[in-house]
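Protein chains in written order, with my numbering: chain E, 2 to 113; chain H, 11 to 126.
Below is the structure:
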């Protein structure tokens with residue numbers, strides 16, 4: 002079952018602008034991960050942030066995690082047309098479970 | 011990291027028939043996961059395939075509809091049985107690294123199934 006919600010569901014921006022996507026979840030987590038999916042294909046891992054971390058960077062990506070609010074955000078800076086994709090957050094439980102729970106995703110369109 | 015080869019990449023099937031999807035991993039893994047992604051939706055876990063034991067199915071999914079095989083540590087199949095148009099989805103197999111959910115998941119390229 003889905004853990005939480007992502008917003009916005011769809012986002013359209015111009016190339017060069019920043020894109021921010023949010024994810025909320027409901028239960029305690031071990032870590033939270035962000036994935037990207039191009040055109041209904043396989044998912045590609047972008048970044049993992051652990052429950053004891055608050056912020057993480059990877060290239061043009063910046064992820065924040067607020068465990069008190071059970072929320073995370075993904076910021077893509079200086080977006081490019083090639084960033085057009087769906088972005089999903091996935092939470093890993095802290096009860097030694099093995100299953101990720103995926104949010105509903107944000108469809109990002111970056112217009113040239 | 012892990013490289014996953016999933017096939018077929020897409021298929022169009024008649025209702026009432028079955029389709030078997032194959033997933034091959036380039037390294038040995040304990041668990042393999044099968045997901046369904048309905049049009050415009052997120053991923054929903056169907057089952058976890060363990061080598062040497064029966065798959066563990068999530069609520070709403072049953073073995074008769076989605077039989078799974080796991081003959082060894084690098085291969086698994088998912089069959090979608092007695093298909094109906096509601097089964098039209100993308101089906102994805104996935105594995106996690108040695109650290110389990112403490113590491114990233116790797117995905118096959120998915121099988122886009124259309125049932126007519």
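Just so you know, even glycine gets a beta-carbon here, dropped at the ideal spot from N, CA and C.
Cross-chain neighbours of residue i in chain H, by beta carbon under 9 Å
| i | result |
| --- | --- |
| residue 105 of chain E | 51, 52 |
Counterpart residues of residue i in DSSP-defined beta bridges
| i | result |
| --- | --- |
| residue 34 of chain H | H:15, H:85 |
| residue 7 of chain E | E:24 |
| residue 100 of chain H | H:47, H:122 |
| residue 67 of chain E | E:72 |
| residue 2 of chain H | The structure shown does not extend to residue 2 of chain H, since chain H is modelled only from 11 through 126, so no value can be given for it. |
| residue 115 of chain E | Chain E is shown from 2 up to 113; residue 115 of chain E falls before or after that span and cannot be answered. |
| residue 127 of chain H | What the structure shows of chain H is the stretch from 11 to 126, and residue 127 of chain H is not part of that stretch, so it cannot be assessed. |
Assigned exposure category for residue i - 16 Cβ within 10 Å defines buried
| i | result |
| --- | --- |
| residue 116 of chain H | buried |
| residue 2 of chain E | Its pLDDT being 41, under 50, residue 2 of chain E is placed unreliably in this model, and the value from its coordinates should be taken loosely. Result: exposed. |
| residue 2 of chain H | There is no way to answer for residue 2 of chain H, as the model of chain H reaches only from 11 to 126. |
| residue 96 of chain H | exposed |
| residue 103 of chain E | buried |
| residue 27 of chain H | exposed |
| residue 18 of chain E | exposed |
| residue 73 of chain H | exposed |
| residue 70 of chain H | exposed |
| residue 125 of chain H | buried |
| residue 83 of chain E | exposed |
Residue span of the beta strand (DSSP E) that contains residue i, given as start and end
| i | result |
| --- | --- |
| residue 50 of chain E | 44 to 51 |
| residue 21 of chain H | 20 to 23 |
| residue 39 of chain E | Unbroken run through residue 39 of chain E: none, as it is neither H nor E. |
| residue 113 of chain E | Premise fails: residue 113 of chain E is in no beta strand (DSSP E) and is neither H nor E. |
| residue 94 of chain E | 86 to 94 |
| residue 73 of chain H | Here residue 73 of chain H belongs to no beta strand (DSSP E), and DSSP marks it neither H nor E. |
| residue 56 of chain E | 56 to 59 |
| residue 60 of chain H | 53 to 60 |
Interface partners of residue i on chain H, CB under 8 Å
| i | result |
| --- | --- |
| residue 58 of chain E | Those do not exist, as residue 58 of chain E stays about 17 Å from chain H at its closest Cβ, beyond 8 Å. |
| residue 49 of chain E | 113, 114 |
Proximal chain H residues relative to residue i, where beta-carbon distance stays under 7 Å
| i | result |
| --- | --- |
| residue 42 of chain E | 119, 120 |
Contacts of residue i in chain E (Cβ-Cβ under 8 Å)
| i | result |
| --- | --- |
| residue 22 of chain H | Under the 8 Å cutoff, chain E gives no residues; its nearest Cβ is about 15 Å from residue 22 of chain H. |
Where residue i meets chain E, residues with beta-carbon distance less than 7 Å
| i | result |
| --- | --- |
| residue 100 of chain H | 41 |
| residue 115 of chain H | 46, 101 |
| residue 55 of chain H | 100 |
Heavy atom of the ligand ZN within 7 Å of residue i beta-carbon
| i | result |
| --- | --- |
| residue 23 of chain H | For the ligand ZN, the structure offers nothing, since it holds no ligand at all. |
Item checked: Three or more C-beta pairs below 8 Å linking the stretch 53 to 64 of chain E and the stretch 7 to 15 of chain E -> no
Check: Is there contact between the stretch 80 to 93 of chain H and the stretch 31 to 46 of chain H, where contact requires at least three CB pairs shorter than 8 Å?
Finding: yes
Margin query: Taking contact to mean 3 or more Cβ pairs, one atom from each stretch, closer than 8 Å, check whether the stretch 23 to 33 of chain E and the stretch 65 to 77 of chain E are in contact.
Written below: yes
Next item on the list: Please confirm if the stretch 31 to 50 of chain E is in contact with the stretch 86 to 96 of chain E, defined as three or more CB-CB distances below 8 Å between the two stretches.
Entry: yes
Next item on the list: Could you say if the stretch 21 to 29 of chain H and the stretch 48 to 67 of chain H meet the contact criterion of at least three C-beta pairs nearer than 8 Å?
Entry: no
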